[in-house]
Structures are given as structure tokens and as C-alpha cells.
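Going left to right, the sequence shown walks through residues -21 to -1, 1 to 515 as mature numbering (1 follows the signal peptide of the UniProt record, and there is no 0) numbers them.
C-beta atoms are modelled at their ideal positions from N, C-alpha and C, and glycine is treated no differently.
Reviewing the structure listed below.
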Amino acid sequence: MGAVILCVVSIFLGLSWIADSNMYRINYVTSAEEKMDLIEKDRELIIVLDSYATELKDKIIKLKRIVEALKQPLEKARNREEEYLSNPINRLSLMRQMHDDWEPVEKLLKQPVGQEKIAFIEKMREDLPVEDDLIEANQALFRIVHTYDLEPKDVSTGLIDGVQYSGKMSASDCLTMAALSFNSGSYQIASKWLSAAKDLLVEQPRKYHEVIGVTKADVTLLLARSLIATGNVSIARDMLMRDSMLGEAGNALALHFLRNTPKPSISLECCESEESFNHLCRSVSRRQAGDSKPSRLHCRYNTTTRPFLRLVPLRMEELSLDPYVVLYHNVLSDPEIEKLKLMSEPFLERAKVYRVEKGSDEVAPSRSADGAWLPDPETEPEDLETLNRIGRRIGDITGLSTCSGSQMQLLKYGFGGHFVPHYDYFDSKTSYLEAVGDRIATVLFYLNNVDHGGATAFPNINLAVPTQKGSALFWHNLDGKSYDYDTRTFHGACPLISGTKLVMTRWIYELDQMFLIPTVLPPRSRNFSRSLPNPI
């Protein structure tokens, strides 16, 4: 029984949280290109493994032929051994065979097979995903299941939020998801993943799982712990005692699990978003899947923020009047988007989050994306012109000055990519913010369309905006009257279910507007009621 318990413990320890490193490495989770490269590596490894199996098969065929040749004299001698050995030729042949033939046979047995194939696989493994990558991929799927309120059984069959994807998960896939859920304290979800794994173990080849190391006992024991953690003690005890491998030991295991209450060993910050945010993500996702139609919004042409717009007005959609949130359509052309993608590609690395309490940026599970700041010191002159042109367009859209913080951040979200709800303003004092003020407004460009997931959701105003290629979402982070921080602009990026999501963000700073609109310097008062004109 001790060995069985040790087996359970090893599952938990093997999938315990390993903190993200700030060092940049291949990102198999968020990068579409790296995932394509991973498929090629997988294909190469399978080809090499198949070649290795062929070499083994050739050796086996050769050995089988030798066995057949060695058996022929014995077949002739069957039931007449004395007569057979009385023949001097047969006697000599047997003596020679026993003396001469077994040495080369032994050498053949010891001859290594496919050593170059084994060396190739060992070398290739250096560039394969590591444990951090697996944990991040598991977190991405956990985040999708949690945010969109999905059933693990459906997800294991490829049915995700009303869309049937090709392929399905293996028992090993479900077991790793169960272990992550268990370690995060989500015992009910863990039970559902384990039920799916149990069914898949029956459907999928047993020999494969025996080699890979996933057994029915692994699933049963973790399922028992999950059931006991959710209060289903009798169900867990009956299941353990019915298991042919455990028998009477099942009752003792149930008591052991009951006395040793599990404690969450990992914190999934990425999945602790408030329910109103998750609800908005679900509503947009189901519209993408064709379940419902969005409500009618107000559209008009903007001709007022800059004189130039009287000649070339911008088509805008008013999504919220208080706070003021608008979506501008067709503000980036396809050639501009392609140029942005090309110029950012060399500089993409894991996006970081600014921690006010630490005064520095760091990689955090609250945000999973690759990012690049544009322009970069190495940006080509012709690319700078493109960025300057987009910068002028931001001024046209907002009617605001964009002198400070001239860089824009391009973000690339992959599988499960998200950003938990947050404020764009800092509400803190740094030397930079004292010089330029806080972020008065945000412009978020959508560089592609996303088929499933990835919307921008504002839970405090019940607003969710799906991605629309070439469009720009614009809102103020400071209240238009008091210039206090507007908590209603709390927003986040819904987890991406399918494909890649590309966005680019430009923040606009408060003190740049001192000659355009009245501004109030921090510290701000929540009760400040002086009437000031709306900056839009």
C-alpha cells in the first residue's frame, strides 16, 4: 500500500508549480511559429522512431531465420535421436554447430541497433518543451474551461464552447489536467477530468499507456483523493475497494486520504477573474459561434476631433457614453498591419506586467502573451514613417496630444492567451509619472480577426468587444469631469480559444494635454466635484 501512496504523491510533485523565469526562451504556448516548428520536430521524431523500429524488426527477422535454420536438424531428430546421432555426418554437423555457430549468434544479439537514431532523439529533446511549458499549456486550457464554464468531458472530445474541433484528448492529457486542477484546489473539476481519463483508458491501447506510464491505478487513486476532498467519502471508498489491484487496502487508503486533507500547492492568479468578466467572455464567444446576435449600437462619423477629419471623417461606433468608449472602424490598412507584424517579429518576447509594489516589470501568470515595443532602437527609417503616420492618426482619433510615451506595445496572444481584468492607470507615484501624469486614455488597435475567444471585456459597464481587424478601441481612464481615476474602465482580455490574436496599444498621458484641456494633478480626491468639460 505504501508503494501505491507513493505513486499518488509522485503525480502531485511531478506537476507542482515552477515559477516563471524572466529569461526569454522558446514560447511554445503563445507563438504560432514555434508551435509549427514543434509539429515538424514531432514529425521528425516519429520518422526516426519508425526507422529505429524497422532496424529492430530487421534484426528480429534475421534472428527468426537463424532460429528456423537451427531448428531444422532437431526436427529431423525428433523421436529418433539415437538413430540420428549414429550418422557420423549428423554428429559432426551438430558438434560444429554447437562450437562455431553460437559465437556469431551471441555477437548478433549484443550488436547495438539504431544507436544514431537514439543519439538523434537525445539531441532533439534539448529543444522540446520543458516542464514549465507543459504547466503553462495546462494552465491555458484550465483558464479556458474556467472562464467559459466548460465541461471537461466535452473538452476531452474536442467540443469547446459550442464548437466541435477535430481530434480529442488522451488519457494522459486528462490526467495532467486533473493533477493541475487538484493542485490548485479545484477538486470537483479534477474529478471530472479523471472521469474522462478513466473512459479514455478503456478506449485507447493499453500497451501504449503501459509504456508511457499512465495506469488505471494512477487515475483511480487521484480520483479517490478528489472525491474525498469534495466530501464524497463513501463513493471514493467503494471505488477503491472495488478495484481489483487494491481490494481490502482500499478502505485503508480512503482513511489515509481522509486524514491527510490536501492543500493547494499552486495559485492560478490567471483564473481568479470575477464572474461578471467571465460571463461577458462567454456571451461574446457564443455570438462568435453563432448562438446569438449582438445588440444594436450607435454609429456615426467623427468630424470634430481634428480639422482634417472634415475632409476624411472616421467611422465610429459608440459603445458606451458614460464612461465614453468608442470603436473606430478601418483605421489601419492591411499593408500597415502586415508591416507592423514584420517589424515587431524580431523583438517579440514574453510580455511583462508592471508591479507597483516592486516598481518593476515581471513575467506573471496574470498575462500570457508575447510583446514588442515599437519603435525599437533598431527599427528601420521606413518603418518609423509608418509608426509616425499611425501616431498622427491616433491624434486624429482622440483629439489629444501624444508627445510622451511615444512607444506602442504590440501583443501576440496564443492558445489560452489572456490578461486578467485590470486598470490602465497606475494610481502611483514614479519619477516618470510625475513628469507626464497618469494614463488619461488608451487606444487599442486590433490587427486581426479572431474566430473564437479573445474579446476585450469591461465587467463594470457590462461591455465586451470582439476583435475586428483594422479597428481601434478608444476610452478614457480618467473621469471626464473630475479627472479622478475611473474605476469603470476596469477591463481584461478574454482567453483565446482558437488561433492567434494581435493587438497594439498606445497610452496617452495626462500632462501632455495641459494646453488642450483642463487637468488635475495627483493626488486626486474621490469626491472632487468641480465641473470640467468632457475631453472628448
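Within the same chain, Ala434, Ala436, Phe437, Pro438, Asn441, Leu442, Ala443, Cys473 come within 8 Å of Leu259 by CB-CB distance, once the 5 residues on both sides are set aside. In this structure, Val198 sits away from Ser151, with a CB-CB distance that is not shorter than 7 Å. The region 125 to 140 makes no contact with the region 360 to 373; the number of CB pairs closer than 8 Å stays below 3. The beta carbons of Leu327 and Gly350 sit about 7 Å from each other, so the pair counts as a contact at 8 Å. Going by C-alpha positions, Asn117 is about 35 Å away from Glu315. Beta-carbon to beta-carbon, Asn162 and Pro243 are separated by about 7 Å, close enough to satisfy the 8 Å threshold.
Secondary structure of Ser264 (DSSP, three-state): helix. Between Ile376 and Phe453, the gap from beta carbon to beta carbon is short of 7 Å. By a beta-carbon distance limit of 8 Å, Ser149 contacts Leu179. Their separation comes to about 6 Å. Runs of the beta strand (DSSP E) lying entirely within the region 303 to 328, each at least 3 residues long, are 303 to 307 in chain order.
Straight-line measurement puts the Cα of Tyr7 at about 40 Å from the Cα of Cys278. Between the alpha carbons of Val142 and Ile123 lies a gap of roughly 13 Å.
In the three-state reduction of the DSSP assignment, Glu297 falls in the strand class, which pools E and B. Under the three-pair Cβ rule at 8 Å, the region 475 to 491 counts as touching the region 378 to 394. Note on geometry: alpha-carbon atoms of Leu490 and Asn456 lie some 14 Å from one another. When beta bridges are read from the DSSP output, Thr209 appears opposite no residue. Under the three-pair Cβ rule at 8 Å, the region 33 to 53 counts as touching the region 65 to 77. Its Cα nearest to that of Ala203, the residue Asn230 stands out among Glu182, Val92, Gln388, Asn230.
Following the DSSP letters along the chain, one finds Cys153 inside the alpha helix (DSSP H) bounded by residues 150 to 162. The residue from Asp222, Arg221, Leu200 with its alpha-carbon nearest to that of His235 is Leu200. In this structure, DSSP gives Asn230 a helical state, which the three-state scheme calls helix. Membership of Pro400 in the beta strand (DSSP E) is indicated by the continuous run 397 to 401.
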